[in-house]
Amino acid sequence: MSALSEELRQKIKAEFPKYPNKRAVTLPALHLVHDTLRAVSREAIVEIAELLELHPSEVHDTMTFYNFFKEEDNPLGKHRVWFCRSISCALRGGEELLESVCHRYGVHPGHTTPDGKFTVEFAECLGACEGAPCILVNDVCHMDMTPESTSALIDKL
Amino acid sequence: MATFEPVLFARINKSDSASIRSYQADGGYSRLKEFLSMAPGDVTNIVKDSGLRGRGGAGFPTGLKWTFLPKDHPGPIYLAINADESEPGTFNNRYLMEKDPHQLIEGIILACHAIRSNRAYLYLRYEYGTSYRTLDAAIRECHAAGILGKNILGTGFDLDIILHRGAGAYICGEETGLIESLEGKRAWPRIKPPFPAIEGLFRKPTIVNNVETLCCVTHILYRGTEWFKSIGVPPDPSNPRDPGSYGPKLYCISGHVNRPCCVELPLGVTARELIEEHAGGVWKGRKAKAVVPGGISMGFLSDKELDTKLDFAGPGKVGCLGLGTAAVVVVDDHTSMVDVLHNCCRFMSHESCGQCTPCREGTHWMTKILDRIRSGNGRTEDLDLLLEVAGSMGIIPGTTICGLSDGAAWPVKNAINKFRPEFEDYIRSRKSSITSAQKMMAAH
Chain D
0 MSALSEELRQ KIKAEFPKYP NKRAVTLPAL HLVHDTLRAV SREAIVEIAE
50 LLELHPSEVH DTMTFYNFFK EEDNPLGKHR VWFCRSISCA LRGGEELLES
100 VCHRYGVHPG HTTPDGKFTV EFAECLGACE GAPCILVNDV CHMDMTPEST
150 SALIDKL
Chain H
0 MATFEPVLFA RINKSDSASI RSYQADGGYS RLKEFLSMAP GDVTNIVKDS
50 GLRGRGGAGF PTGLKWTFLP KDHPGPIYLA INADESEPGT FNNRYLMEKD
100 PHQLIEGIIL ACHAIRSNRA YLYLRYEYGT SYRTLDAAIR ECHAAGILGK
150 NILGTGFDLD IILHRGAGAY ICGEETGLIE SLEGKRAWPR IKPPFPAIEG
200 LFRKPTIVNN VETLCCVTHI LYRGTEWFKS IGVPPDPSNP RDPGSYGPKL
250 YCISGHVNRP CCVELPLGVT ARELIEEHAG GVWKGRKAKA VVPGGISMGF
300 LSDKELDTKL DFAGPGKVGC LGLGTAAVVV VDDHTSMVDV LHNCCRFMSH
350 ESCGQCTPCR EGTHWMTKIL DRIRSGNGRT EDLDLLLEVA GSMGIIPGTT
400 ICGLSDGAAW PVKNAINKFR PEFEDYIRSR KSSITSAQKM MAAH
């Protein structure tokens, strides 16, 4: 039983023509696997490495540098919600917004709610400083957030 | 003062501004065929003559950078577009990509023609999901219209643009870190030389340009160099090395202001004008205590320095590192500079790639020293210790490969040199301002 489905393998291979070598497909492949499987397991790393003709340690080295991809002991929930803590958001209550959401849902930064619905993360500058404090739900930004509007958004996920 | 008519932002408030139909209705791509029939060197010369300087932070002359490519290179040449916009306070490129992607694509096509590149890689920070989908749709529209792909508009010029998403690392905005990341490796900046123009992406000659820079290229071709040079600040005659600060610039204003925004103005407006006339003034009727002139890595202006011109030369005259990304962040007089500096240092410590010891250790220890001060256990000699650490890291003292470290040191130098009494008072008071939210994140 392989970690990567045939569909995922085909999606990874479809990236090959965009680059002059297969190693450049490391990040696209990691994103595809991470989005689908909600973590990148050891088996998945080995299989990505086989596809890209790399050593598994090379894929692991790149993957762990970015601090973005979850390993199998701490997989992502169904959604991922990032709270910006950099200067423009921190000046307008971004850190306190994160804290209020963590308290409300009983979850710590970097972890997932017990029901698996969402993973909460702090982020460095999300590039939406005109709408501070801002949050990112998966990869969509929401601006001028309050604890109330954030909870309403999360409850609708 | 006459109102400045926006150029880069001329279309962003139109409905449907991102579509090719709307862009073409406003004259976009109308002269692309004409420009593609010019000799590549002539396009480069126009950009060089315009005085355009890179908008990503370093302000290097764009046309000059293009001339560093080897002549008559037989193999591929690449353009890498730096859309890893991650400097705290900066969001101008997000507007350009979400609201007017074809203005950027036309600039990319023109730049690729000038540098004889048939493939461009746009390195986009992962967090800009909306930009990703907007650009992806715009690129598809171009292929359908014969504006990208093989034999563009019958001129014989081929170009593909590949979107490449990052994975949340500030260092990927450093041009050689970006290249390493694109190659599928950890984003460790390279030792230079060789510069990317000689040996860059996939070991081929590569030009790395910022999104706003390439949008300017589009308008320079359509409107000419004289138009571009009629905007902004000419070179300082007393400084033979100053190439001037020409053209429009997107200024981001955030933090403690009434109306945070991104506004297009001629290079050289003052921080005070941005705050008072464009961002609705400091919020809650307060005064500005400190202002970040161009992203946190440029340091701080004090309240006495708000009339500093935000052109490429201005911030440096008052001890800041430079104009950076022209992202202005306003800190009001009810906020502790100790807390603000801690936020900056925590960011840099989190984002140091770890390759060079002075940066990896320096950013970490500066944050730790500020943690100690903010726990109520600081010593006045900690301030000199912070300055000593800050003075020993970066390209300027010559101890690191890239400039992240200078950008980590500068807020420390400026904060302590310009606000020292506040730091001393804080230490003497033995108070603690560490919040429960910060403790929660530190435990993570």
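Here the protein sequences line up with chains D and H, keeping their order.
Per numbering that gives the first Met the number 0, the first sequence starts with residue 0, numbered consecutively.
Per numbering that gives the first Met the number 0, the second sequence starts with residue 0, numbered consecutively.
Each residue gets a CB set at the ideal place from its N, CA and C atoms; glycine is no exception.
Under 8 Å Cβ-Cβ, which residues of chain D neighbour residue i?
| i | result |
| --- | --- |
| H/Val-330 | Leu-90 |
| H/His-443 | His-107, Pro-108, Gly-109, Phe-121 |
When burial is assigned at 16 or more other CB atoms within 10 Å of the CB, is residue i buried or exposed?
| i | result |
| --- | --- |
| H/Lys-70 | exposed |
| D/Val-139 | exposed |
| D/Glu-120 | buried |
| H/Arg-222 | exposed |
| H/Pro-239 | exposed |
| H/Glu-295 | Checking the sequence shown, residue 295 of chain H turns out to be Ile, not Glu. H/Ile-295 comes out buried. |
| H/Met-0 | With a pLDDT of 48 at H/Met-0, under the threshold of 50, the modelled position of that residue is not reliable, and the figure given next carries that caveat. Exposed, because fewer than 16 other Cβ atoms sit within 10 Å of the Cβ of H/Met-0. |
| H/Ala-143 | exposed |
| H/Asp-405 | buried |
| H/Leu-384 | exposed |
| D/Ala-151 | exposed |
| D/Gly-115 | exposed |
| D/Leu-156 | exposed |
| H/Phe-3 | exposed |
| H/Gly-293 | buried |
Once DSSP output is grouped into helix, strand and coil, what is the label at residue i?
| i | result |
| --- | --- |
| H/Tyr-122 | strand |
| H/Met-0 | Confidence at H/Met-0 is low in this model, with a pLDDT of 48, below 50, so its placement is unreliable and no value can be given for it. |
| H/Thr-89 | coil |
| H/Leu-305 | coil |
| D/Pro-16 | helix |
| H/Lys-248 | strand |
| H/Glu-173 | coil |
| H/Ser-428 | helix |
| D/Glu-120 | strand |
| H/Pro-60 | strand |
| H/Leu-369 | helix |
| H/Ile-19 | helix |
| H/Thr-399 | coil |
| H/Trp-187 | coil |
| H/Gly-148 | strand |
| D/Asp-72 | coil |
| H/Tyr-221 | helix |
| H/Phe-346 | helix |
| D/Gly-105 | coil |
| H/Thr-444 | Because chain H in this structure spans residues 0 to 443, residue 444 of chain H falls outside the shown range and cannot be described. |
Along chain H, which residues have their Cβ under 8 Å away from the Cβ of residue i?
| i | result |
| --- | --- |
| D/Ile-86 | Pro-87, Gly-88, Gly-254, Val-291, Ile-295, Val-328, Val-339, Asn-342, Cys-343, Phe-346 |
Please tell me whether residue i and residue j are closer than 8 Å, where the distance is taken between their beta carbons.
| i | j | result |
| --- | --- | --- |
| H/His-255 | H/Val-291 | no |
| H/Phe-201 | H/Phe-67 | no |
| H/Ser-341 | H/Arg-373 | Correcting the residue identity first, residue 341 of chain H is His in this sequence and not Ser. A contact, by the Cβ cut-off of 8 Å. |
| H/Ala-79 | H/Leu-181 | yes |
| H/Thr-205 | H/Tyr-127 | no |
| H/Pro-410 | H/Phe-299 | yes |
| D/Pro-74 | D/Ala-38 | yes |
| D/Ile-11 | D/Phe-82 | no |
| H/Ile-161 | H/Tyr-94 | no |
| H/Val-327 | H/Ile-252 | yes |
| H/Arg-164 | D/His-59 | no |
| H/Leu-264 | H/Pro-247 | yes |
| H/Ala-186 | H/Cys-352 | yes |
| H/Thr-61 | H/Gly-53 | yes |
| H/Asn-81 | H/Glu-174 | yes |
Note down, in chain order, every chain H residue with its Cβ under 9 Å from the Cβ of residue i.
| i | result |
| --- | --- |
| D/Val-139 | Gly-128, Thr-129 |
| D/Asn-66 | Ala-166, Gly-167, Ala-168, His-349 |
What in chain D is Cβ-close to residue i, meaning under 9 Å?
| i | result |
| --- | --- |
| H/Leu-181 | Tyr-18, Ala-23, Leu-26 |
| H/Phe-201 | Tyr-18, Pro-19, Asn-20, Ala-23 |
| H/Tyr-28 | What H/Tyr-28 touches in chain D: nothing, since even the nearest Cβ is about 24 Å away. |
According to DSSP, which residues form a beta bridge with residue i?
| i | result |
| --- | --- |
| H/Val-291 | H/Val-328 |
| D/Leu-141 | Sequence inspection shows His at residue 141 of chain D; the Leu mentioned does not correspond to that position. Bridge partners of D/His-141: D/Ile-134. |
| H/Glu-263 | H/Leu-249 |
| H/Ile-45 | Its beta-bridge partners do not exist; DSSP assigns none. |
| H/Asp-159 | H/Arg-118 |
| H/Val-281 | H/Val-256 |
| D/His-78 | D/Phe-117 |
Closer than 7 Å by beta-carbon distance: list the chain H residues that pair up with residue i, in chain order.
| i | result |
| --- | --- |
| D/Thr-61 | Gly-183, Lys-184, Arg-185 |
| D/Gly-76 | Correct list: empty, because the minimum Cβ distance to chain H is about 16 Å. |
| D/Glu-95 | Ala-436 |
Residue i: beta carbon under 7 Å from a heavy atom of the ligand HEM?
| i | result |
| --- | --- |
| D/Arg-79 | The model depicted lacks the ligand HEM and carries no ligand whatsoever. |
Give the residues of chain D in contact with residue i, contact being defined as C-beta atoms less than 7 Å apart.
| i | result |
| --- | --- |
| H/Ser-435 | Glu-98 |
| H/Glu-174 | The premise fails here: H/Glu-174 is roughly 17 Å from chain D at the closest Cβ pair, so nothing lies under 7 Å. |
| H/Cys-260 | Glu-129 |
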